[in-house]
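Enquirer: Dumping the structure here so I can ask a few things about it.
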Amino acid sequence: MTWLTDRFGLDVPLVGAPLAGVADGRLAAAISQAGALGMFGVPATGAASWISAQAATCAAGGRPYGIGLMAWALTGEQLEAVLAARPALVSVSYGSYATYVEELRQAGITVVTQAGTTDEALAAEQAGVDAVVARGGEGGGHGRAEVGTLPLLQSVLDAVRIPVLAAGGIATWRGMAAVLAAGAAGAWVGTAFLGCVETTLSDAATAQVLDAGETGTVYGRVFDVAQQLAWPAEYGGRALRNDYFTRWQGREDELAASPEGRAELKPGGYVYAGQAVGMVRERRTAAEVVQSMSTGSS
Ligand SMILES: Cc1cc2nc3c(=O)[nH]c(=O)nc-3n(C[C@H](O)[C@H](O)[C@H](O)COP(=O)(O)O)c2cc1C
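Residue numbers (the working numbering): 617 to 914.
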């Protein structure tokens, strides 16, 4: 039993990380049904009606679920929809999240944020979150890439008094066992679910995920610059390496000033994933992934 399993009545100390753009309420609900806590991620342009619909999908299962928000993109309408849905857990990360913590907690929602350095974790504790996610740079999607999961987790566990969840590179029961042994209250897992049948990824993107090896990811801002997204510069993204990224890496300013270069990035021309993608080798259900991470079966 950990703080996470106690708080939400879970069988498995695992949170299915919010995966904006590649999964919606269907994956989150499936993870929750499997005894962990599933979350869906709200994209920058996520409409309030979309949030309500995904929340309804999750709530229909009768198990606790969560919603992931991006502070830099969060609108009043999105926040209202989240407050109305009253999920068990909300994460607000990437930007000025502290202003939302109290309002969400007042609504009876457990609030967490992702931290990529020990200083960010200390600031999160100060901001009044219920728990902090220590997210190492090997993780998929956006975040800092300055510190790896293991050194970050050890340091954050020493530094804060609130519960700590570990994220970045955890994809099997071995990783789960490691972070729990260190003192984490649970694992926050994204990439391990990217091969699941419940994602919204295309067959082509799923095939890229299943084919990719542990050295197949890159980290940077190329895809954000190409799409003119207002991500804070300190949060780059980890994605599968492709020709477009290789061509523009190190030339981000040039790309920002080049409409032709930006237009070369086709819709769906990138797949965010972490280093653990090398362990994602077959198409499975979310329940199978949760099960394999909790029991040691593969
Ligand atoms: C495709 C993808 C989309 C993501 N979208 C979000 C998101 O919307 N909100 C968020 O807080 N984190 C997001 N993340 C980051 C995860 O919350 C988490 O930090 C990461 O997946 C953990 O590392 P792992 O991928 O190695 O498990 C995303 C990650 C991936 C791979």
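Positions of the beta carbon are idealized from the N, C-alpha and C atoms, including for glycine.
1. Contact check, Tyr671 vs Ala689 under 8 Å by CB: the rounded distance?
2. Rounded to whole angstroms, what's the CA-CA distance from Gly877 to Pro680? Just pull it up for me.
3. Assign Pro883 to one of two classes, buried (16 or more other C-beta atoms within 10 Å of its C-beta) or exposed (fewer than that).
4. By the 10 Å Cβ neighbour count, where 16 or more other Cβ atoms means buried, how is Ala703 classified, buried or exposed?
5. Measure the alpha-carbon distance for His758 versus Tyr851 and round it to whole angstroms.
6. Closer than 7 Å by C-beta to Val905: which residues in its own chain qualify, once you throw out the five before and the five after it? Chain order, please.
7. Which residue wins for smallest C-alpha separation from Ala787, given the options Ala821, Ala743, Thr765, Ala775?
8. Considering only heavy atoms of ligand 1 and the C-beta of each residue, which residues fall inside 5 Å, strictly closer?
9. What's the gap between the Cα of Ala669 and the Cα of Glu830?
10. Ignore the nearest five residues each way along the sequence and tell me which others in Leu626's own chain have a CB closer than 7 Å to its CB.
11. Leaving aside the five residues before and after Ala739 along the sequence, list all residues of the same chain whose C-beta is less than 7 Å from its C-beta, in chain order.
12. Nearest-angstrom Cα distance between Leu685 and Val708?
13. According to DSSP, what are the bridge partners of Thr729?
14. I'd like the list of long-range same chain contacts for Gly641, defined as Cβ closer than 6 Å, with 5 residues on each side in sequence excluded.
15. Going by the CB atoms, is the gap between Val780 and Leu769 shorter than 9 Å?
16. By a C-beta neighbour count over all protein chains shown, 10 Å radius and 16 as the cutoff for buried, is Glu736 buried or exposed?
17. For the alpha helix (DSSP H) holding Trp804, just list the boundary residues, first then last.
18. Mind checking which residues open and close the alpha helix (DSSP H) that includes Phe624?
Expert: To lay it out plainly:
1. Before going on, a small fix: residue 671 reads as Ala here, not Tyr. Going by Cβ atoms, the distance from Ala671 to Ala689 rounds to 18 Å, so no, they are not a contact pair.
2. Whole-angstrom Cα-Cα distance: 43 Å.
3. Per the 10 Å Cβ criterion, exposed.
4. For the sequence presented, residue 703 should be read as Pro rather than Ala. A residue is called buried once 16 or more other Cβ atoms fall within 10 Å of its Cβ, and Pro703 is buried on that count.
5. Between His758 and Tyr851, the alpha-carbon positions lie close to 6 Å from each other.
6. Answer for Val905: Ala808, Phe809, Cys812, listed in chain order.
7. The candidate whose alpha carbon is nearest that of Ala787 is Thr765.
8. My final list is Ala633, Pro634, Leu635, Ala636, Val638, Gly657, Gly684, Ser709, Arg751, Gly755, Gly756, Gly757, Ala783, Gly784, Gly785, Val805, Gly806, Thr807, Tyr888, Gly890, Ala892.
9. Roughly 35 Å between the two C-alpha positions.
10. These residues qualify, in order along the chain: Leu620, Gly651, Ala652, Leu653.
11. If you ignore the 5 residues before and after Ala739, its C-beta comes within less than 7 Å of no other C-beta in its own chain.
12. In this structure, the alpha-carbon of Leu685 lies about 5 Å from that of Val708.
13. Paired residue(s): Val748.
14. The answer, listed in chain order, is Phe656, Gln670, Thr673, Cys674.
15. Their beta carbons are under 9 Å apart, which means Leu769 touches Val780 by this criterion.
16. Buried is the call here.
17. First-last for Trp804: 802 to 805, but that is the beta strand (DSSP E), not the alpha helix (DSSP H).
18. The continuous alpha helix (DSSP H) containing Phe624 extends over residues 619 to 624.
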